[in-house]
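According to numbering that gives the first Met the number 0, the sequence shown is numbered sequentially starting from 0.
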Amino acid sequence: MELITERLILRTVEQRDVKEVARMWDFERGPIPEEEAGRVLERMAENHRKNRPGRIYHLCLGVAEKSAPETIIGWCGLDGTSGDKLHIFYSIEPEHRSRGYATEAARALLNYAFQDAGAAFVNGGCYQENQASYRVMEKAGMLPAGSEENGDPLFYLDRETYLKKQELTQ
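If you want it as structure tokens, here you go:
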């Protein structure tokens, strides 16, 4: 699967990407062994097979710049493993942050969720000190939905609101 934006390719990673997955899977802590990256790829493929129209189980996509499609610069996706809620997630490696890539990825994911996958709503959240992620959700069109007990902000967007916003911008 591929989602193409102005500057990015959000794509399913495959066995040919094992070296990139090893390098990037846990980029905040450092590379993982290629053997472990192979297991990550197997879990991703298994999760993707569980996705159905109207029901996303888990969709994890590698984020790459169009100018370097084989180099993963982050991860994004939609997680519905809880069964009752669909959550958006995204993470861009530090060297590529502050360029609007997370917002671009989030917008593409929301479009996919509502236009292609038939999702009724998408939730999001971040740590209260993560102002960059908070702004990404706002810029992507998500709406504040209160906060966790610890103060971490929550967001949501429903399909009807998304479609109305799309009509207004076209």
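Each residue gets a CB set at the ideal place from its N, CA and C atoms; glycine is no exception.
| Item | Value |
| --- | --- |
| For residue 117, which three-state DSSP category applies? | coil |
| In whole angstroms, what is the alpha-carbon distance linking residue 33 and residue 57? | 22 Å |
| By the three-class DSSP mapping on this structure, what secondary structure does residue 20 have? | helix |
| The alpha helix (DSSP H) with residue 69 in it runs from where to where? | It is not in any alpha helix (DSSP H) - residue 69 carries neither H nor E in the DSSP assignment. |
| Any C-beta of chain D sitting closer than 8 Å to the C-beta of residue 38? | You won't find chain D in this structure, because it holds only one protein chain. |
| Among 85, 9, 4, 66, whose alpha-carbon lies nearest the alpha-carbon of residue 157? | 85 |
| Distance check for residue 102 and residue 139, CA to CA, integer angstroms please. | 6 Å |
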